[in-house]
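Participant: What follows is a single structure, and I will ask about it in a moment.
Number of protein chains: 2
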Amino acid sequence: MNFSVTAPDPPRTAASILDAAQELFAERGYDGASIRAITRHAGANLGAVTYHFGSKEALYHAVIASKLAPLRELVDAAADRPGSPLDRITAVVETLFDHYADDPRLPRLILQQIASGRPAPPPARAWIRHLAGLLSELVRAGQEKGAIRHGNPLFLALGVLPPALFVHLMRGPLEEGLGLSVADSATRASMRQHVVDGVRAALAADREAP
Amino acid sequence: MNFSVTAPDPPRTAASILDAAQELFAERGYDGASIRAITRHAGANLGAVTYHFGSKEALYHAVIASKLAPLRELVDAAADRPGSPLDRITAVVETLFDHYADDPRLPRLILQQIASGRPAPPPARAWIRHLAGLLSELVRAGQEKGAIRHGNPLFLALGVLPPALFVHLMRGPLEEGLGLSVADSATRASMRQHVVDGVRAALAADREAP
DNA sequence: ATCCATATAATACGAACGTATGAATTTCTC
DNA sequence: GAGAAATTCATACGTTCGTATTATATGGAT
Chain A
1 MNFSVTAPDP
11 PRTAASILDA
21 AQELFAERGY
31 DGASIRAITR
41 HAGANLGAVT
51 YHFGSKEALY
61 HAVIASKLAP
71 LRELVDAAAD
81 RPGSPLDRIT
91 AVVETLFDHY
101 ADDPRLPRLI
111 LQQIASGRPA
121 PPPARAWIRH
131 LAGLLSELVR
141 AGQEKGAIRH
151 GNPLFLALGV
161 LPPALFVHLM
171 RGPLEEGLGL
181 SVADSATRAS
191 MRQHVVDGVR
201 AALAADREAP
Chain B
1 MNFSVTAPDP
11 PRTAASILDA
21 AQELFAERGY
31 DGASIRAITR
41 HAGANLGAVT
51 YHFGSKEALY
61 HAVIASKLAP
71 LRELVDAAAD
81 RPGSPLDRIT
91 AVVETLFDHY
101 ADDPRLPRLI
111 LQQIASGRPA
121 PPPARAWIRH
131 LAGLLSELVR
141 AGQEKGAIRH
151 GNPLFLALGV
161 LPPALFVHLM
171 RGPLEEGLGL
181 SVADSATRAS
191 MRQHVVDGVR
201 AALAADREAP
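Residue numbers (my numbering), protein chains in the order written: chain A, 1 to 210; chain B, 1 to 210.
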């Protein structure tokens, strides 16, 4: 019997492997996700990874690149929004939060990359440099206007990233322990606001006299 | 030829294995640290892990327990210090920061445990419950006095933990990128203050009218 | 209809893994 | 010092890993 789609669709196997690899790399890490598990999960043959991507490492790089490309556009747009430096940093953090919420695999992949101790793939290194430069420039501008506290701009900028990441890494335990669900839009908005408030408070110049 | 120490000291092998396991589990994770690598690193025989600990998993549990026991005492002492709830939370954060700085393996082990996706060993689960209960009770007390902002106490309490952890996870890249060294006591104090300020700012009740 | 590039499939290989086994050695006890 | 207990050691077993190899099947251009 022949189903509606007549052609096997050449890139279908590669696409399903990429999807399965995103899932399993995020969940079990690079070493923990075997090619056998990935191909089984994708309904493909064992040799399909070698054939379509060349090697396991090349597949991993493809996964990272596929996750980072859309994020970069969104973050750049957020950073270019009009407003004070602190507002623009806020917009970046909100963008990251929303993107993590929509794609829980991404925070897990970031976690796995950090935990692995391996050097990050080149596209990831480029993305980190880009993001760090962008944020520390905003911090520097904010400091110039007296709106952001003193301190190393890069250091302050990097401190902006963890909160949104952590919230989504802890999403499972958090939902268990607190009965909250990120799927609920009100809860999600409240968590996002919490993260943003924390970041702004951490960056804002002191409002009280010493 | 016989060297000064006549006896091989029975628990010496177990101790050196535990030390090597701390190092390698922290650096490469549970799966990435093979028994062969651990025993080689410890100068012991391949069978020594099975003999002294029973299994790889039992060794891992021993590593976790050995790292958590001293931390618990320090944190409890910090939380029992006199002062406002916010001050006592600050003391806990400072304690965590210092402990991470003194033992960089611990933050790495925590990272690896989170990344692994495996259920945490029982002593770790107990420690997390203990710490979460302790901190959220302090948050609740601070809210009652109007010193800490509104919100779910457990959620606010958990938000206190990441900053100190992240600083030490990023220690390597941070030292490269910024030329800072945690070994330098002035730098370390400044980073600690930065973390503490951020946490306090994130917890403190708003000082401005809506 | 035929050919050829593309894709899928089945299987094999060497390496590394955790663990088990049994012998050799050392340490402790009497 | 002899015997028992504890420890170290070398080696083997069965799995699983990433990759390579070889064969089969498929789809479109001529």
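Glycine included, every Cβ here is placed at the ideal spot set by N, Cα and C.
A quick note: this is a predicted structure, and the numbers were derived from the prediction, not measured.
For SER185 (chain A), decide whether its Cβ has a neighbour in chain B, counting only Cβ atoms nearer than 9 angstroms.
Facilitator: What you label residue 185 (chain A) is simply residue 185 of the first sequence in a count that begins at 1. Taking Cβ atoms only, chain B never reaches closer than 9 angstroms to SER185 (chain A), which makes this a no.
Participant: Report yes or no: do three or more beta-carbon pairs, one from the segment 88-107 of chain A and one from the segment 126-145 of chain A, lie closer than 8 angstroms?
Facilitator: yes
Participant: Taking its Cβ as the centre, do 16 or more other Cβ atoms sit within 10 Å of LEU113 (chain B), making it buried, or is it exposed?
Facilitator: Stepping through the second sequence from its first residue, residue 113 (chain B) is reached at position 113. With the sequence shown as reference, residue 113 (chain B) is identified as Gln, and Leu is not the correct amino acid for it. By the neighbour-count rule (16 or more Cβ atoms within 10 Å), GLN113 (chain B) is buried.
Participant: What are the residues that DSSP puts in a beta bridge with ALA204 (chain B)?
Facilitator: Counted from its first residue, the second sequence places residue 204 (chain B) at position 204. B:ILE148, per the DSSP bridge assignment.
Participant: Could you check whether VAL167 (chain B) and VAL199 (chain B) sit closer than 9 angstroms to each other, using their CB atoms as the reference points?
Facilitator: Start at 1 with the first residue of the second sequence, and residue 199 (chain B) comes out as number 199. Start at 1 with the first residue of the second sequence, and residue 167 (chain B) comes out as number 167. Going by C-beta atoms, VAL199 (chain B) is not nearer than 9 angstroms to VAL167 (chain B).
Participant: Please state whether the Cβ-Cβ distance between ALA15 (chain B) and ILE38 (chain B) is less than 9 angstroms.
Facilitator: Here residue 15 (chain B) corresponds to residue number 15 of the second sequence, with the count starting at 1. Here residue 38 (chain B) corresponds to residue number 38 of the second sequence, with the count starting at 1. Taking 9 angstroms as the Cβ cut-off, ALA15 (chain B) and ILE38 (chain B) do not qualify as a contacting pair.
Participant: Does PRO104 (chain B) come out as helix, strand or coil in the three-state DSSP assignment?
Facilitator: Locating residue 104 (chain B) in the second sequence gives position 104, where the first residue counts as 1. Coil at PRO104 (chain B), not helix or strand.
Participant: Report the neighbours of GLU144 (chain A) on chain B: residues whose CB is nearer than 9 angstroms to its CB, in chain order.
Facilitator: Taking the first sequence and counting its residues from 1, the one referred to as residue 144 (chain A) is at position 144. What GLU144 (chain A) touches in chain B: nothing, since even the nearest Cβ is about 20 angstroms away.
Participant: Hey, would you say PRO11 (chain B) sits closer than 9 angstroms to ALA65 (chain B), going by beta carbons?
Facilitator: Your numbering for residue 11 (chain B) matches position 11 in the second sequence. Your numbering for residue 65 (chain B) matches position 65 in the second sequence. Result no, Cβ atoms of PRO11 (chain B) and ALA65 (chain B) do not sit closer than 9 angstroms.
Participant: By the criterion of Cβ-Cβ separation under 7 angstroms, what are the contact partners of ARG28 (chain A) in chain B?
Facilitator: Looking up residue 28 (chain A) in the first sequence gives position 28. The contacting residues are GLY117.
Participant: Alpha carbon to alpha carbon, what distance is there between SER190 (chain B) and LEU156 (chain A)?
Facilitator: Locating residue 156 (chain A) in the first sequence gives position 156, where the first residue counts as 1. Locating residue 190 (chain B) in the second sequence gives position 190, where the first residue counts as 1. Cα-Cα distance, rounded: 12 angstroms.
Participant: Pairing CB atoms from the segment 173-187 of chain B with CB atoms from the segment 180-188 of chain A, are three or more of them under 8 angstroms?
Facilitator: no
Participant: Let me see if you follow: with CB-CB separation under 9 angstroms, is ASP103 (chain A) close to chain B or not?
Facilitator: As a working mapping, residue 103 (chain A) is identified with position 103 in the first sequence. ASP103 (chain A) does not count as touching chain B.
Participant: Can you give the Cα-Cα distance for GLY133 (chain A) and ALA79 (chain A), rounded to whole angstroms?
Facilitator: As a working mapping, residue 133 (chain A) is identified with position 133 in the first sequence. As a working mapping, residue 79 (chain A) is identified with position 79 in the first sequence. Distance between the alpha carbons of GLY133 (chain A) and ALA79 (chain A) is about 12 angstroms.
Participant: Whole angstroms are fine: how far does the CA of LEU24 (chain A) sit from the CA of ALA42 (chain A)?
Facilitator: Here residue 42 (chain A) refers to the residue found at position 42 of the first sequence. Here residue 24 (chain A) refers to the residue found at position 24 of the first sequence. The alpha-carbon atoms of ALA42 (chain A) and LEU24 (chain A) are separated by roughly 11 angstroms.
Participant: When burial is assigned at 16 or more other CB atoms within 10 Å of the CB, is HIS150 (chain B) buried or exposed?
Facilitator: Start at 1 with the first residue of the second sequence, and residue 150 (chain B) comes out as number 150. Around the beta carbon of HIS150 (chain B), fewer than 16 other beta carbons sit within 10 angstroms, so the residue counts as exposed.
Participant: Under 8 angstroms Cβ to Cβ from SER116 (chain A), same chain only, skipping five residues before and after it: list those, please.
Facilitator: Start at 1 with the first residue of the first sequence, and residue 116 (chain A) comes out as number 116. Only GLY29, TYR30 and ASP31 meet the Cβ criterion.
Participant: With distances taken Cα to Cα, identify the nearest neighbour of GLN193 (chain A) among A:LEU74, A:GLU137, A:ILE17 and A:VAL93.
Facilitator: The residue labelled residue 193 (chain A) in the question sits at position 193 within the first sequence. Considering only alpha carbons, the answer is A:VAL93.
Participant: What in chain B is Cβ-close to ASP31 (chain A), meaning under 9 angstroms?
Facilitator: Within the first sequence, numbered from 1, the residue matching residue 31 (chain A) stands at position 31. Going along chain B in sequence order, the residues near ASP31 (chain A) (Cβ under 9 angstroms) are ARG28, GLY29, ASP31 and GLY32.
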